[in-house]
Amino acid sequence: MDRADAASWIVLGRTGDGVTAAVLDATGVELERASFEESAWIDEVARIETGHAPRWVWNDAPAWCAPLLDAGVRIARCHDLRLAHAILRDSALVVDDAGLRAASAWDAPSLAEQAAGAGAPALFEWVETDDSAAGLPTTIDDAIAEFSRQRAALAASAESGRLRLLVAAESAGALVAAELRAAGLPWDAQAHDRILTEILGERPVGGGPPARVEQLAARVRAELGDPAASLDSQPKLLRALHRVGVLVESTSKWELAEQRHPVIEPLLRYKQLVRLQSANGWTWLAEWVRDGRFRPVYVPGGVVTGRWASSGGGALQLPRSLRDVVRADPGWRLVVADVAQLEPRVLAAMSRDTGLADAARGRDLYEGIVSTGAVGTRAEAKIAMLGAMYGATTGDSGRLVPRLRKTFPRAMALVDDAARIGEDGGVVTTWLGRTSPPPSAEWTAVQSRATESSASVVEENRARRWARDRGRFTRNFVVQGTAAEWALAWLADLRMRLNALPPVEAPDAAPRSGPVFLARPHLALFLHDEVIIHTPAVHAEAAAAAAREAADAATRLLFGEIPLDFPLDLRIAASAAKS
DNA sequence: TACTGGTGCGCG
DNA sequence: AAAGCGCGCACCAGTA
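At position 450 of the first sequence (counting the first as 1) the number is 450 in the working numbering, and the numbers step up by one without a gap.
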């Protein structure tokens, strides 16, 4: 592999008993090819990475990263064919799809997802797929062919700059996701256990509900006048409530909280405790926290809008009440950084609404809206803005939206246009080129049926409702999707900045677990608009500065030089508890 | 026994 | 009991 350099693309593929690598020049022409045995390819990748830092091209980043990270090898840049395929296949900015839109094996879920689906215990082991099964292609020839189609589609696009940025950011995100899993989130299992015991009561040895849960259940049943009442079955609980005169339509806490009856207080408390127990109780702790780390499975691009999803562990629902058990290792700190009002800022940038940008600059965006006089209070500004981005039509939120429309016409026109296109059955596209899915066949059929003269009122109403539903989806898609792009750019840039910080040398400050590359500041959590960095204490300030600089870099990368910033709420602490 | 749909909670 | 987007997950009930 002598001809590799920083401008190279190196495509990797599996062969029967090893790995084949092909060096492509910057224009995609293959220069050389070599095969390596299973025991040798990782060292070869490490050698080339150290020397040249090329762009690695592979079918599925998590599958390749896992063994590399296990060996302490970290890749700077990659092109994830599977993720890029999904973007380019659907993007309205791709004019000549070069065959990407034909159904193919590249539409298959990632190898990790396939393994999880198959119930395989080792998530990152290679999945043996026989040729008849539609699995993700793994051979180098398949990879090169797909890469070539993608390059052609990119080159043909009038917006190839944006799409290239999106594909690069998405791929970098895949690297981050793999590294986040390898690193894990530092988790104090003892502290978690203490909280559970304090709130739920002593954990019963022989199973069954903990003491406090049992006591509350008994109180609720007494108030219901039924010692055998089932509290966990919604229909049974509803009937029991009706029997004692609590005439609610559902058992949700919003509705219950408005009732006055002695059963309400213990019932709400009971629901709270049961929720904690089932979502993040001892079973969860035993399953998801090992060696002081919570290792969730992130799924980059798992949400239609481009946000990440998670699969297992509920990584994207880290409950506020447990944030305090996210604790840095001894001698280390957590840098907790989240973007203030990411989505409205993104909307201001996309729409070039200078009024909204002015309101956002250098302060709390919602206070800025108040000072324009559009609304009276910060709370109103917030629900009005959320209503505008989500498509609220009724209630306080819906009533306030027209005021924003008057004050920020360009921003509001952008989301209103997106909604109209969605209602009409069209597709909308994010700033960098991710396109919403087209309407389903059923949706289209319902709309066309409603236009027929024989259509019933019921059919017409349903068509209108579905159209409005879809309008709210496309309205939000452009904002949520572009916010996800900003966050990916932030993450990718931050990852590189952190990687440039020096590793710690003192062995007593080294992490308790994880690959050796984790001896420097590294990402430990990503949550839509927030990151947690785990860092040696001496580098905490530098890591925090890196988070700020990365946010500025992401803003410029996406939107150029605009008079708008994306300020971070940032704190350095031993735990991730919110103040 | 395995699935699907509904309900409810909590995260952004 | 959401109003108003996007998720994951647990639990129950009904069905195959």
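Just so it is clear, CB atoms sit at the ideal spot from N, CA and C, and this is done for glycine as well.
Beta-carbon contacts of residue i that lie in its chain and below 7 Å, excluding the five residues immediately before and after
i	result
Ala-392	Gly-398, Val-401
Ala-467	Glu-423, Gln-447
Lys-578	Arg-320, Arg-323
Glu-460	Ala-450
Arg-497	Ala-546, Glu-549, Ala-550
Val-45	Leu-68, Val-73
Ser-148	Gly-28
Ala-576	Arg-323, Val-326, Leu-334, Val-336, Ile-532
Close-in-space but distant-in-sequence residues of the same chain around residue i (CB under 6 Å, 5 per side omitted)
i	result
Asp-188	Val-325, Arg-327
Ala-34	Met-1, Ala-21
Arg-162	Leu-432, Gly-433
Ser-436	Val-427, Val-428, Thr-474, Phe-477
Leu-342	Ala-483, Asp-529
Glu-128	Per-residue confidence for Glu-128 stands at a pLDDT of 44, beneath the threshold of 50, marking its modelled position as unreliable; no derived number is given.
Glu-37	Gly-18
Leu-525	Leu-185, Ile-532
Inter-residue Cα distance where the pair is residue i and residue j
i	j	result
Val-446	Leu-136	35 Å
Arg-164	Gly-362	31 Å
Leu-207	Val-297	Contrary to the premise, residue 207 reads as Gly rather than Leu in this sequence. Using only the alpha carbons, I get a separation of about 28 Å.
Leu-138	Leu-276	Note on residue identity: the sequence assigns Thr, not Leu, to residue 138. Approximately 42 Å, taken between the alpha carbons.
Ala-191	Pro-227	35 Å
Ala-211	Ser-233	21 Å
Val-176	Ala-7	22 Å
Thr-27	Ala-540	41 Å
Gly-119	Ala-40	Only weak support exists for where Gly-119 lies, its pLDDT of 48 falling under 50; the coordinates are left without a value.
Ile-369	Ala-183	40 Å
Ser-252	Pro-439	32 Å
Asn-476	Phe-408	17 Å
Val-244	Gly-225	8 Å
Ala-286	Trp-443	44 Å
Arg-14	Ala-98	25 Å
Ser-104	Gly-481	25 Å
Pro-567	Ala-551	8 Å
Arg-410	Leu-501	41 Å
Ala-348	Val-19	47 Å
Asp-338	Arg-345	13 Å
Lys-406	Asp-469	24 Å
Asp-396	Ala-374	14 Å
Glu-485	Ala-71	30 Å
Leu-404	Ala-384	7 Å
Asp-25	Trp-106	24 Å
Asp-43	Thr-283	39 Å
Ala-152	Glu-159	13 Å
Glu-223	Pro-262	7 Å
His-85	Cys-65	19 Å
Spatial neighbours of residue i in its chain, beta-carbon cut-off 8 Å, leaving aside the 5 residues before and after
i	result
Arg-420	Gly-471
Gly-312	Ala-116, Trp-288, Pro-296, Val-297
Arg-55	Ser-8, Trp-9, Ile-10, Arg-77, Cys-78, His-79
Ala-257	Ile-264, Leu-268
Local Cβ density within 10 Å of residue i, reported as buried at 16 or more and exposed below that
i	result
Asn-280	buried
Thr-50	exposed
Ser-157	buried
Asp-569	exposed
Asp-585	With the chain represented from 1 up to 579, any question about residue 585 goes unanswered, as that position is not in the structure.
His-534	buried
Leu-247	exposed
Gly-301	buried
Thr-377	exposed
Thr-555	buried
Ser-351	buried
Asp-493	buried
Arg-221	buried
Pro-536	buried
Glu-30	exposed
Closer than 7 Å: residue i CB and nearest the ligand GDP heavy atom
i	result
Thr-393	With respect to the ligand GDP, the structure offers nothing, as it holds no ligand at all.
Q) Is it a yes or a no for the stretch 381-388 touching the stretch 401-420, going by three-plus beta-carbon pairs under 8 Å? A) The stretch 381-388 vs the stretch 401-420: in contact.
Q. What residue ranges within the stretch 401-448 form continuous alpha helix (DSSP H) runs of no fewer than 4 residues, ordered along the chain?
A. If we require 4 residues or more, the alpha helix (DSSP H) runs fully inside the stretch 401-448 come out as 409-423.
Q. Are the stretch 533-550 and the stretch 289-309 touching, with three or more C-beta to C-beta distances below 8 Å?
A. The answer is no - the stretch 289-309 does not touch the stretch 533-550, with fewer than three Cβ pairs under 8 Å.
Q: Could you tell me whether the stretch 515-535 touches the stretch 551-567, using the rule of 3 or more Cβ pairs below 8 Å?
A: No, the stretch 515-535 does not touch the stretch 551-567.
Q) Between the stretch 58-70 and the stretch 171-186, are three or more C-beta pairs nearer than 8 Å? A) Taking 8 Å as the limit for Cβ pairs, the verdict is that the stretch 171-186 does touch the stretch 58-70.
Q: Entirely within the stretch 249-312 and at least 4 residues each: give me those alpha helix (DSSP H) ranges in chain order.
A: DSSP runs (the alpha helix (DSSP H)) wholly in the stretch 249-312: 253-257, 264-280, 282-288.
Q: Any chance you could list the beta strand (DSSP E) runs of at least 3 consecutive residues sitting entirely within the stretch 52-130, in chain order?
A: Listed in chain order, they are 55-58, 77-80.
Q: Would you check if the stretch 65-80 and the stretch 90-97 touch, i.e. whether three or more CB-CB distances between them fall below 8 Å?
A: No, they do not touch.
(Q) I'd like the ranges of any alpha helix (DSSP H) spanning at least 4 consecutive residues and lying wholly in the stretch 502-574. (A) If one requires a minimum length of 4 residues, the alpha helix (DSSP H) runs lying completely within the stretch 502-574 are 540-559, in chain order.
Q. What runs of the beta strand (DSSP E), each 3 residues or longer, lie entirely inside the stretch 184-213?
A. Entirely contained in the stretch 184-213, not one beta strand (DSSP E) run reaches 3 residues.
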